[in-house]
Each structure stands twice: as structure tokens, then as C-alpha cells.
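What follows is a short report on a single structure.
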Amino acid sequence: QYAKKNKLDQQIYNQKIDVNTLERLQLINELKSAIEQGELVLFYQPKLDLKLNKVTHVEALVRWQHPDRGMIPPDTFIPIAEQMGQMNALTRWVMNESIAQYLRWKSQGIDLGIAINISAENLKDPYFCQYVLDVISDSNVPIEALTLEITEDAVVSDPENAIKQLKILKKYGLKLSIDDYGTGYSSLAQLKQLPVDELKIDKSFVQNLMVSQDDQIIVNSTLQLAHSLGLRVVAEGIEDEAALAWLTERGCEMGQGYYLSRPTDADNLVQWLTSSRYA
Ligand code: C2E
Ligand code: MG
Ligand code: MG
Ligand code: MG
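Numbered per my numbering, the sequence shown spans residues 23 to 301.
Have a look at this one:
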């Protein structure tokens, strides 16, 4: 009986792997044309300034609106894009679309800075910073309206090259942010060398803040560390009012999370903003 069940489990397991592999292969095949054919969309999530109690920025978060599979989240296809050498094309699209959206909002009298996520693969390309500066100078976007969010691992693999490029971008006025802080393997020595303006505490430390003494200790000491290095802090993953109040009391500069708003399309975001007390 046991052997039989075990065999059945094994079959189911094998089938699962096959389906996953097949799906992966299909996505790999389709991703390139998806970028070209306009199947990507940007959602936006507000970044609330906790001192002004006002949304001053949004983060652009990409989704793939697949014709058959529906909305595919970035965690599913960004790794594929990275492996397939598609990250520059993807980031180029995200940058252009973010800038276009910034200008559309601006023409409606809405002034929202935009944060764009950058992958480790982007920074490996020695021409990346030149490309970014070219895109910006070809448009009318004020450079200080843009923030680049970079995860720690983007810097760990080739710190010398990454730091060199980030310094150039910073010199031209881009804002730089360390994303998912606390989950990577960067050392304090490395962080100190980075020309960043902002540190985003990973949501895993924030989501359960009110019930976890450990998370409170981690967040508190991160706030102190960042502030003494002259960095502003963004807490991501705020899911309840108590966490928002706790962070505001302790001098955290910005907050982001489902309690305020989930990422949503540009029109919905404006609607939400107009009816919220954070406009
Ligand atoms: P991230 O940059 O750290 O973005 C935050 C993620 O946390 C987003 O997931 C967001 O929807 C989610 N989130 C925000 N607030 C909350 C909350 O209160 N609770 C919970 N449980 N989650 C929250 P999303 O949109 O699925 O993006 C996942 C990751 O994919 C991003 O993490 C980022 O690393 C990557 N990504 C998204 N868009 C892009 C892009 O355009 N380029 C690159 N290179 N990566 C991107
Ligand atoms: Mg981010
Ligand atoms: Mg993050
Ligand atoms: Mg993340």
C-alpha cells in the first residue's frame, strides 16, 4: 500500500515538474516578443512621506498582461528575463513608460516622483549608466524626479563596477535607493561606499512589526544606523495602521504598503489619491 502511494506521489511530482518546465519554456519563448508587442504594464504603488503625510512618490512595478495566462507577476518573469539577457530591453521599456507617465501626470497638475527597480544584470552592463542618462536627456523629465531602486546583490557581485556607475548616476542628480535592505549579504563596509540617498527596509521586517519584538529591534537599529549615515529610510510592507504610527513616531521618513494602497494602474492610483487624505 505504502509503496503504491509512494509511486503515485512520485508520478504527481514528476508531472508537476514537467508542467513547470513546459510553462517556463513557453514564457522564455514569449518574453522577448511580449516586450516588443506591448504586453507589459506598469502598476504604481504610493510612497508616503510620513512627515508631510503626503504621497510624494510612486514605485513603478511591472506586470506581464499575458493574452492567455492573465496577469503574470514580476517574480515569475524577471528571473527569466535576467537569464535570457532581456533585462536591458525590459528596463529600457520600464524607464520610457515611467517617464511618459510622469509627464502625463505632470500635464494634469499631478507631481509624483517615480522610483524604478533596477536589476543586478543592468549594472553589469558597463554602458548602463550612459544609457540611463541618454533616455533622461532625450525627455523633459527633471532628473531629480527619478529614483533607482537597487537590491544589495546588485552591488555584491561586482562592487567596483557597480559603485563606479552609481557614482556617475548620482553625480547627475538621480536619487538612489537600496531595496530589500536586510535580506542581502552586503557588508556595512560596502554599504558605506555606496552613494545612495535612501534605504528601504525589506517588508519581511515590517509586515509583522506589531507582534514581533525581534522585528522591532531590527527596524529600530536600522533606523538609527541609516540616520547616522545620513540616509532616509523607507519602510515597505506596512499592512496596518499601528505599524504606520509606530514607524512615524520613530522618525522613519517614508512608508509603503497594502495598508495605504496596493500597486495599481495609473488611473486607479490617481482616483485613490484624489479621495485619500494623503493627496
Ligand atoms: P520590490 O521592488 O521590493 O517591490 C515590493 C513588492 O512588495 C511588490 O511586489 C509589492 O507589490 C509588494 N508589496 C508592497 N507592499 C506590500 C505589503 O504591504 N505587503 C506585502 N505582502 N507585499 C507588499 P511585486 O509588484 O510583485 O514585485 C516583486 C518584485 O519584483 C519587486 O520587489 C522587484 O524586485 C521586482 N520588480 C518589479 N517590477 C520591476 C521592474 O520594473 N524591474 C525590475 N528589475 N524588477 C522589478
Ligand atoms: Mg523596489
Ligand atoms: Mg523591496
Ligand atoms: Mg523585493
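Quick reminder that beta carbons are idealized off the backbone N, C-alpha and C, glycines included.
Heavy atom of ligand 3 within 6 Å of residue i beta-carbon
i, result
"E258", "yes"
"D97", "no"
"D202", "yes"
Residue i Cβ short of 6 Å to ligand 1 heavy atom set
i, result
"Y124", "no"
"Y280", "yes"
"L83", "yes"
"A218", "What sits at residue 218 in the sequence shown is Val, not Ala. Checking every heavy atom of ligand 1 against the Cβ of V218, none is found closer than 6 Å."
"P68", "no"
"P285", "yes"
Neighbourhood of residue i by C-beta distance below 8 Å, restricted to the same chain and skipping five residues each side
i, result
"S323", "What is shown of the chain runs 23 to 301, which leaves residue 323 out entirely."
"A82", "L64, F65, Y66, V116, E119, S120, Q123, I136, A137, I138, N139"
"K132", "Per the sequence presented here, residue 132 reads as Ile, with Lys not at that position. So the qualifying residues of the chain are V292, L295."
"F99", "L49, L53, W86"
"R46", "I102"
Reduced DSSP category for residue i - H, G, I as helix; E, B as strand; rest coil
i, result
"A301", "coil"
"D156", "helix"
"Y53", "According to the sequence as given, residue 53 is Leu; it is not Tyr. Correct three-state label for L53: helix."
"I138", "strand"
"I121", "helix"
"D390", "Given that the chain is displayed from residue 23 to residue 301, the structure contains no residue 390 and the question cannot be resolved."
"M276", "strand"
Residue environment, residue i, which counts as buried when at least 16 other CB atoms sit within 10 Å
i, result
"L231", "buried"
"N144", "buried"
"D224", "buried"
"Y203", "buried"
"Q235", "exposed"
Same chain, Cβ closer than 7 Å to residue i, neighbours up to 5 away in sequence not counted
i, result
"L253", "V218, D219, E220, L221"
"A288", "Y66, Q123"
"L247", "none"
6 Å CB neighbourhood of residue i in its chain, flanking five on each side removed
i, result
"I140", "L170, I172"
"V63", "R85, Q87"
"N51", "none"
Heavy atom of ligand 2 within 6 Å of residue i beta-carbon
i, result
"E171", "yes"
"N139", "yes"
Integer Cβ distance of residue i from residue j, believed to fall under 8 Å
i, j, result
"E263", "Q278", "Incorrect: roughly 14 Å between the Cβ atoms, too far for contact."
"E174", "S208", "4 Å"
"A142", "S179", "6 Å"
"I185", "Q215", "6 Å"
"L269", "L72", "7 Å"
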